[in-house]
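Residue numbers (the numbering used here), protein chains in the order written: chain A, 597 to 1076; chain B, 597 to 1076.
No residue lacks a Cβ here, since even glycine has one placed at the ideal position from N, Cα and C.
Being a predicted model, the structure only gives us computed values, none of them experimental.
First the structure, in the form of structure tokens, and then the observations on it.
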């Protein structure tokens, strides 16, 4: 497949996205509509995401656990907004072991309810708080329009669920995790996200306040890439999560939940990819460096391969993830294209002359052609490669940031507002009224993405859509 | 809960098992019958199992991926034995997004079918082989009688699925993984398993040959702790997994599958635990060392805590997993009991006098009372602790091996056979006839566990049950 051209992003972004995923072997369609198979290359990317987030969750005091896939239908009815939000999306098991069940079981779309039930059993006293638990799990939401990674019926995520003694602690936790997501996205995935508050109509079903990180894709659409919810006492009251406080009085807990999913892989693809295919950020790339040996005959091969293998060992000793492409039925040019398609950040070419000279040629994935090529001394390869990968990591972030900022507009009138939504995002004063938001959506297909945490100091303005007084500025954009 | 006594193993082994899991906070019952919640302490144990197995799978050339939870019902009907084996255990989704589905979806009980379907799309040529993929996943089997970890409706496992060009390679793979499981069980979990072939009636539904590792629990019952199946061309034919070979001819692949599940946690509990609670093997224990500071007042506390924290830092720097129990509302004796219940292999006590003397007291979990206590110099704590944990690891294995071997009998007549099954396992000649096996099961409730790979050289005998000629010896036992 690698020798067929991908569609150009500028011609058909959506088709580019779907094809690059399948050709790069990140994922494939499963036989059940809307479900996907995550292939080894895609799953290795997800495992690298997991490793980094696990470190951050642990550093902030969280532990992993595992809650059940099935939730009694009745649990969903205990929190009014939650059931309204999720009912249309539920997959329901009605038969087990050949007989019809007395109470249907829901395949979890998210786990607040069942975890709330367990917390009510585990939490007795203020000494048991806070409870800080995360799980890595699959969840199912019955989606009508699905897309690989972005919106699939089954998807994979982590969902954190915490319980606290005070409202302040719950808010602090919610923002702490928003910060974990922001740092991960920017520093590890090189995705320049904007953290902020969701509007009332965009918040999680059952939350008091939802925060998200929002990213701009290569077609300028917005993608919600992670969410952190302050659930107040809503679920604690629905599931009787109570504790005896230090004054010996019974209190309801304050809970939070937060998640980041395989959707984030879609964000990486659409933030960095180009017409040649994927570009993966070095800190997450399953293969950071591919070594392509170049030889014409067996005699050359016998000279080149040991040098290629030695180079690999040298790089792997520096904890780099390296692959030698030793397939002997394919031409180097074919291999170059294939590894470009698969987004490997750095390529090293090594031929008979390089073996003699002690140098090899490197090619950066993020800078096509000659400009991205450099001669690297084999003797000092590991230090050189570590540096070059860091340079690529930062260059990817800077490029994405420049692209994003070049497509954020600050409209002051309707004409500018509509043009902003056609060309990118609008950053504008907004009244925060749900009716106004609904009108914007109906008229422009754009939605409020988030009210950023950083706001112009002490200023106020008038709503970009309805002209009413506005306290805060918001990002408005068409979104995935 | 930790201050209430556990039931003694000798009085009620089954109740001991259930209580120790809940009190040690490994797992709890979920609201849905037969499902469990794996709590942070239990999940950390599972994550350590995953880490070790992942290393071994990678070293043998396997990659992780993720296949879908839902499988069309029709897929199960393509392999005759498979559908017969699994039909009674299926959980079925009939409704999604508020409407009835045209074709019901099965929640995977195992993934041979859907993976076979995908492999038929991915595999074209001999160059694509072998395909060596593993997934860590949850699966669902509708069980009537469930027990925490041992048999739950939803459980967690890894399932490897491989495709090969020849029958020999498939058999080699099947045995290679059996060896991975055996080594993991013995060296990492300190569980002395016996690898062998399952009888025809005990093999996996759809396999040509199944192998397993079998472990003896503390009540002498057997537990199947991991399985590796040679599927021949059964699934390749059912799902048309074909490739063009080097002679340009179309061939069916030869496939394997193999799994080890959270059931293995049950094996660890019942291999090593005692009347005081869990005993976790150091190489898997989430907490390898607990430091209990001992002080009477704030003045003593101010002297002891910095020393306890310094000791922890020292041990953690040697990659040990350490916890300081700094709860100030509990007595040291209560903490000792609690960490014994939770199976932490090594305890370190540090009080004001220890701070001065430069020594601390260590207590081995596997040797109760004074015999397990040793004075350890703080200055050399890390090297000392590493050694001591290795000693404990080996002692646990040796003890379990001695126990097992003391409860394996080689009966030569019916009376000895029945007595062997009451007191432990029988190791005896067997005719390998299914009708004979059924009779044994009906009369004794024991089943053939495995035909071990190591057999008496060149010998033959007569079947312990029916007296017919027998080629191989087998283990027969009552089992979980």
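Endpoints, alpha helix (DSSP H) assigned at residue 676 (chain A): 676 to 682
Taking CB distances under 8 Å as the criterion, tell me whether residue 664 (chain A) reaches chain B. yes
Proximal chain A residues relative to residue 678 (chain B), where beta-carbon distance stays under 7 Å: Chain A residues near residue 678 (chain B): none, gap ~16 Å exceeds 7 Å.
In its own chain, which residues sit with a C-beta less than 8 Å from the C-beta of residue 951 (chain B), not counting the 5 before and 5 after it? 899, 900 and 903
Which full runs of the beta strand (DSSP E) of 3+ residues lie inside the segment 934 to 962 of chain B, going along the chain? You should have 942 to 946 and 955 to 960.
Measure the beta-carbon distance from residue 1022 (chain B) to residue 1013 (chain B) and round it to whole angstroms, keeping in mind my assumption that it falls under 8 Å. 6 Å
Decide if the segment 873 to 889 of chain B is in contact with the segment 783 to 797 of chain B; the criterion is three or more beta carbon pairs, one per stretch, under 8 Å apart. yes
If you measure from the beta carbon of residue 600 (chain A) to each beta carbon in chain B, is any gap under 8 Å? no
Output yes or no for whether 8 Å exceeds the beta carbon distance between residue 825 (chain B) and residue 800 (chain B). yes
List the residues of chain B that residue 1079 (chain A) touches, going by C-beta distances under 8 Å, in chain order. No answer is possible for residue 1079 (chain A): it lies beyond the span of chain A, which begins at 597 and ends at 1076.
Would you mind listing the alpha helix (DSSP H) stretches within the segment 836 to 876 of chain A that are 4+ residues and don't spill past its ends, in chain order? Whole alpha helix (DSSP H) segments, 4+ residues: 859 to 868.
Count the other C-beta atoms from every protein chain shown that fall within 10 angstroms of the C-beta of residue 729 (chain B), then say buried if there are 16 or more, exposed otherwise. buried
With contact counted as at least three CB pairs below 8 Å, one residue from each stretch, are the segment 607 to 619 of chain A and the segment 706 to 723 of chain A in contact? no
Could you name the residues of the same chain whose beta carbon sits closer than 7 Å to that of residue 635 (chain A), not counting the 5 residues immediately before and after it, in chain order? Closer than 7 Å at Cβ, skipping near neighbours: 621, 622, 623 and 624.
Step through the CB atoms of chain A and report whether any lies within less than 8 Å of the CB of residue 624 (chain B). yes
Using a Cβ-Cβ distance cut-off of 8 Å, determine whether residue 597 (chain B) contacts chain A. Per-residue confidence for residue 597 (chain B) stands at a pLDDT of 46, beneath the threshold of 50, marking its modelled position as unreliable; the derived number appears in the next sentence. Answer no: the Cβ-Cβ gap between residue 597 (chain B) and chain A never drops below 8 Å.
Since residue 1030 (chain B) is in the alpha helix (DSSP H), which residue starts that stretch and which ends it? Note, residue 1030 (chain B): alpha helix (DSSP H), 1030 to 1040.
If the cut is a Cβ gap below 7 Å, which residues of chain A does residue 634 (chain B) touch? 661 and 662
Under 9 Å between beta-carbons, which chain A residues line up against residue 766 (chain B)? List them in chain order, please. Chain A residues near residue 766 (chain B): none, gap ~20 Å exceeds 9 Å.
Would the beta-carbon of residue 1074 (chain B) fall within 8 Å of that of residue 897 (chain B)? no
Counting only runs that start and end within the segment 695 to 728 of chain A, where is the alpha helix (DSSP H) found for 4 or more residues in a row? 708 to 718
Okay, do the segment 1060 to 1073 of chain A and the segment 850 to 868 of chain B touch, 3+ Cβ pairs below 8 Å being the bar? no
For residue 636 (chain B), three-class secondary structure by DSSP: helix
At least three beta-carbon pairs within less than 8 Å, the segment 803 to 819 of chain A to the segment 680 to 697 of chain A: The segment 803 to 819 of chain A makes no contact with the segment 680 to 697 of chain A, as fewer than three CB pairs between them are under 8 Å.
Would residue 984 (chain A) count as contacting chain B if we go by Cβ distances under 8 Å? no
Identify the continuous beta strand (DSSP E) that holds residue 919 (chain A) and give its terminal residues. 918 to 920
By DSSP, does residue 601 (chain A) sit in helix, in strand, or in coil? coil
Report yes or no: is there a C-beta of chain B within less than 8 Å of the C-beta of residue 643 (chain A)? yes
If I follow the unbroken alpha helix (DSSP H) through residue 772 (chain B), where does it start and stop? Taken as a continuous stretch (DSSP letters only), the alpha helix (DSSP H) holding residue 772 (chain B) covers 763 to 779.
Out of B:987, B:703, B:947 and B:940, which has the shortest C-alpha to C-alpha gap to residue 631 (chain A)? B:703
Do the segment 884 to 895 of chain A and the segment 914 to 933 of chain A touch if we need at least three Cβ pairs shorter than 8 Å? yes
Continuous beta strand (DSSP E) stretch holding residue 1071 (chain A): start and end: Note, residue 1071 (chain A): beta strand (DSSP E), 1068 to 1073.
By the criterion of Cβ-Cβ separation under 7 Å, what are the contact partners of residue 701 (chain A) in chain B? Going along chain B in sequence order, the residues near residue 701 (chain A) (Cβ under 7 Å) are 628.
Do the CB positions of residue 839 (chain B) and residue 761 (chain B) come within less than 8 Å of each other? yes
For residue 1010 (chain A), which of A:1026, A:999, A:865 and A:794 has the nearest alpha-carbon? A:1026
Nearest-angstrom beta carbon gap, residue 984 (chain A) and residue 958 (chain A) [assumed within contact, 8 Å]: 7 Å
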